[in-house]
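To keep things clear, I will list the structure first and then write my remarks on it.
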Amino acid sequence: SEQMLPKLYESYEVVGTLKKEIADELGLSEGVKIIAGAGDNAAAAVGTGVVGEGGCNISLGTSGTLFVSATEYKEDKVNALHSFCHADGGWHLMGCILSAASCNAWWSDKILETNNYAKEQEGLEEYLGKNDVYFLPYLMGERSPHNDVNARGAFIGMRPDTTRKQMTLAVLEGVTFALRDCLEAAKKNGIEVKKTKLCGGGAKSPLWRKTVANVVNISVEIPQTEQGPSYGGAMLAMVGCGEYKTVKESVEKIVKVKETVYPDQKIAELYEKRYDVFKKLYPSLKEVFKRF
């Protein structure tokens with residue numbers, strides 16, 4: 228029965244106050260309010276200003292997400308995307324790829340044996356849209372949109388003259404193509420995304436920002452802070468404590484964009500052709516992956 232279940236709260240609502248013994252231990256007052264809070268991706272969306280209808284945030288963390296906010300419940304009938312309540316009181320659709328910045332960490336740390344990511348990415352901009360090496364970023368299997376535990380990572384298209392730089396760029400491109408897969412799933416659900424925010428550790432890379440803008444072919448806005456989840460959590464607390472009346476108001480007052488990266492249409496056209504090849508790779512290898 229309903230009585231057996233916990234009470235539900237919106238992410239910005241007060242659920243109680245700090246217990247005296249905990250307050251004493253932390254050196255805080257007993258009346259400190261406890262706010263319900265949100266999951267990492269919903270909080271990141273708030274922290275980057277993605278609330279209301281049609282907002283979008285791409286996160287390049289250990290995993291990668293494409294998060295689209297909505298005012299009404301939307302359901303992906305083939306389960307390529309997940310439907311959840313959003314922290315602003317609305318809804319969202321989300322695609323999650325299991326390996327994003329972790330692919331770059333694996334390639335740099337384990338294979339190239341360097342953690343100087345910036346140096347490895349020097350001089351790669353000239354290859355944007357022209358790289359003929361592909362990377363499938365399924366190092367941990369995949370969740371969206373393929374939902375396949377058997378999927379594996381792979382480099383495809385290498386030749387005797389393939390360079391380290393091409394393979395490094397292919398890793399960034401492969402992750403971005405996988406996120407484009409999630410964006411295409413959103414489009415099939417009637418969602419039009421005209422621009423996106425970008426956060427997470429991978430968003431620190433100027434090269435990766437340009438890659439995202441050109442692969443998805445929409446403008447990419449970089450918030451002042453890439454720490455979207457913690458920023459969003461603090462904003463939800465401010466709403467709960469009465470600093471702002473709504474999450475939307477907190478976004479309007481707090482969230483700032485420090486840079487906008489626009490796609491270069493010539494490069495975007497090249498990536499459109501490359502994405503057409505990329506999206507054929509997983510279906511071609513799906514049965515092979517089952518034999519690993």
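At position 270 of the sequence shown (counting the first as 1) the number is 497 in our numbering, and the numbers step up by one without a gap. Even for Gly, the Cβ is constructed at its ideal location relative to N, Cα and C.
Name, in chain order, the residues that DSSP records as bridge partners for E470.
For E470, DSSP assigns no beta-bridge partner whatsoever.
Minimum C-alpha distance to L355 - residue among M465, T341, K517, E496
E496
What do you reckon, is the C-beta of T423 under 7 Å from a heavy atom of the ligand HEM?
In the structure shown, the ligand HEM is absent, as is every other ligand, since no ligand is present at all.
In this structure, how does DSSP classify A381 when only helix, strand and coil are distinguished?
strand
Roughly how many whole angstroms lie between the Cα atoms of K513 and E299?
34 Å
Below 8 Å CB to CB, which residues in the same chain sit around Q393 once its five sequence neighbours on both sides are set aside?
Closer than 8 Å at the Cβ level, and outside the excluded window around Q393, lie Y354, N358, D359, V360.
Would you mind working out which of K246, T403, G460 sits nearest V498, comparing C-alpha positions?
Inspection of the sequence shows that residue 498 is occupied by Tyr rather than by Val. Considering only alpha carbons, the answer is T403.
M321 classed as buried or exposed, judged by whether at least 16 other C-beta atoms fall within 10 angstroms:
buried
CB of E352 within 8 Å of CB of K424, strictly
Remark: C-beta atoms of E352 and K424 do not approach each other more closely than 8 Å.
Using DSSP bridges, identify the partner residues of H319.
Under DSSP, H319 forms a beta bridge with S296, F311.
Quick check for students: name the residue ranges of the beta strand (DSSP E) that lie wholly in the stretch 357-419, counting only runs of 3 or more.
Look at the stretch 357-419 and you find these whole runs of beta strand (DSSP E), each 3 residues long or longer: 361-363, 381-383.
Inter-stretch contact at 8 Å, needing at least 3 Cβ pairs: the stretch 229-242 / the stretch 256-263:
Between the stretch 229-242 and the stretch 256-263, the count of C-beta pairs closer than 8 Å reaches three or more; the two stretches touch.
Quick check: I324 and A412, are their CB atoms within less than 8 Å of each other?
At least 8 Å separates the beta-carbon of I324 from that of A412.
Please classify Q348 as buried or exposed, where buried requires at least 16 neighbouring CB atoms within 10 angstroms.
buried
Minimum length 4: unbroken alpha helix (DSSP H) runs contained in the stretch 241-274
247-253
Counting beta carbon pairs with one atom in the stretch 252-260 and one in the stretch 283-293, are three or more of them shorter than 8 Å?
no
Is there contact between the stretch 446-456 and the stretch 476-496, where contact requires at least three CB pairs shorter than 8 Å?
yes
Restricting to Cα atoms, I'd like to know which of E479, G401, V376 is closest to R501.
G401
Tell me the DSSP secondary structure of T487 in three-state form.
strand
Within 8 Å, do at least three Cβ pairs link the stretch 271-278 to the stretch 467-486?
Yes: the two stretches touch, three or more of their Cβ pairs being nearer than 8 Å.
Report buried or exposed for C283, applying the criterion of at least 16 other Cβ atoms within 10 angstroms of its Cβ.
buried
So which of G380, A332, K415, V442 has the shortest CA-CA distance to Q492?
If we check each option's Cα against that of Q492, V442 comes out closest.
Considering only C-alpha positions, which residue in the set L508, E470, T473, R407 is nearest to L287?
R407
Kindly indicate which residue of G317, I383, F362, K431 has the alpha-carbon position closest to the one of T452.
Taking only the C-alpha atoms, the option nearest T452 is K431.
Start and end residues, alpha helix (DSSP H) containing E347:
344-347
Between the CA atoms of H319 and V295 - distance to the nearest angstrom
Spanning the two alpha carbons is a distance of roughly 5 Å.
DSSP three-state label for S286, please.
strand
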